[in-house]
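Scroll down for the structure; my scribbles are underneath it.
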Ligand code: TXA
Ligand code: MG
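Structure representation (structure tokens):
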């Protein structure tokens, strides 16, 4: 059920149930990070493989030591710059953090979300919340309560409504190797913004067989409809005569009789707006019974890099 009842969410989470919650990035499937049974329920509902660890959401930067230890100086610089906000840090875990949360790793992913409802909820609880994005494994991420209901209405007793997610892309994930920062997942904070704070950052190879962050697995964020990514939408449309085509472009409307449905991410050429609209546009396209979706590659700078990364994974077949 979609509701704005925070007290109900507090009750359910204290009973070790799973509740969908809003964050500024995407909605999450949240449960008591300190209770293994509660965390296992997240994996069951999401049909997520147990090897893929969760992010622990904390209420304040000052509580980070309850979850992580050996925090490098450079991590504090990032925390000062970006928390609360869409930055997840991979840090050594405290012994009491369950292997279920971290998928057996000695590290744990942590972030302090920047959404008034998520923060209010965390303040009312005695434990942090483990939460992955509130979508079944490898499907399009949810940026509204309605998206979550579309996926999980049966399985969840509460979807806490916090409106549309302001960022619309998952958090940027940064880990540390030999006390140097390493980017594990492109996200809602651009690489340029991170580099303004800590200088140049190493980007982890996306195509590793054993990814450090399985958000880096190739197939992810995928519509059910066959989807393509191109620099030249009009050219690609010509390859599909007599098909029901949906199109996703950055800023331009494309006049072509073969297009049944079109989404434009930002008429103003604003990458923040495009990011905010990306998943909602993909959800709408995927509901239109199209034969295929053609998406346009965005400029390779700032959040354009994150958006292109998501589109690339959306079209991946494995
Ligand atoms: O914006 C977000 O990050 C959203 C909201 C709900 O906070 N959450 C999210 O969670 O995107 P999820 O589970 O969809 O993605 C978390 C990513 C996964 O790729 C996971 O593999 C990685 O974080 N991760 C978690 N713990 C890790 C660890 N110890 N080491 C490396 N990667 C880790
Ligand atoms: Mg996800």
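Numbering (this note's numbering), first residue to last: 0 to 317.
Backbone N, C-alpha and C fix where the C-beta goes; we use that ideal spot for every residue, glycine too.
This one's a predicted model, so the numbers in the text were calculated from it and none came from an experiment.
Three-state class that DSSP yields for residue i in the structure shown
{"i": "residue 225", "result": "strand"}
{"i": "residue 56", "result": "strand"}
{"i": "residue 61", "result": "helix"}
{"i": "residue 210", "result": "With a pLDDT of 47 at residue 210, under the threshold of 50, the modelled position of that residue is not reliable, and the figure given next carries that caveat. Coil at residue 210, not helix or strand."}
{"i": "residue 263", "result": "strand"}
{"i": "residue 70", "result": "coil"}
{"i": "residue 45", "result": "helix"}
{"i": "residue 279", "result": "helix"}
{"i": "residue 31", "result": "strand"}
{"i": "residue 184", "result": "strand"}
{"i": "residue 11", "result": "helix"}
{"i": "residue 130", "result": "strand"}
Environment of residue i [buried if 16+ CB atoms lie within 10 Å]
{"i": "residue 251", "result": "exposed"}
{"i": "residue 261", "result": "buried"}
{"i": "residue 61", "result": "exposed"}
{"i": "residue 27", "result": "buried"}
{"i": "residue 189", "result": "buried"}
{"i": "residue 208", "result": "In this predicted model, residue 208 has a pLDDT of only 39, less than 50, meaning its place in the structure is not dependable; the value taken from the coordinates is given anyway. The residue in question, residue 208, is exposed, as its Cβ has fewer than 16 Cβ neighbours within 10 Å."}
{"i": "residue 95", "result": "exposed"}
Separation of residue j from residue i, as counted between CA atoms
{"i": "residue 275", "j": "residue 284", "result": "16 Å"}
{"i": "residue 35", "j": "residue 51", "result": "15 Å"}
{"i": "residue 32", "j": "residue 98", "result": "11 Å"}
{"i": "residue 154", "j": "residue 44", "result": "7 Å"}
{"i": "residue 166", "j": "residue 305", "result": "12 Å"}
{"i": "residue 144", "j": "residue 277", "result": "16 Å"}
{"i": "residue 136", "j": "residue 21", "result": "18 Å"}
{"i": "residue 290", "j": "residue 258", "result": "11 Å"}
{"i": "residue 163", "j": "residue 72", "result": "34 Å"}
{"i": "residue 63", "j": "residue 109", "result": "8 Å"}
{"i": "residue 2", "j": "residue 235", "result": "43 Å"}
{"i": "residue 25", "j": "residue 310", "result": "16 Å"}
Within-7 Å CB hit, residue i to chain D
{"i": "residue 52", "result": "In summary, chain D is missing from the structure at hand, where a single protein chain is found."}
Residue i: CB within 6 Å of a non-hydrogen atom of the ligand ZN
{"i": "residue 101", "result": "No copy of the ligand ZN occurs in the structure displayed; its ligands are the ligand TXA and the ligand MG alone."}
Report yes or no: do the region 122-133 and the region 258-277 share at least 3 C-beta pairs separated by less than 8 Å? no
Does the region 280-299 come close enough to the region 230-248 to have 3 or more Cβ pairs within less than 8 Å? yes
Cβ contact check for the region 53-67 and the region 180-198: 3 or more pairs under 8 Å: no
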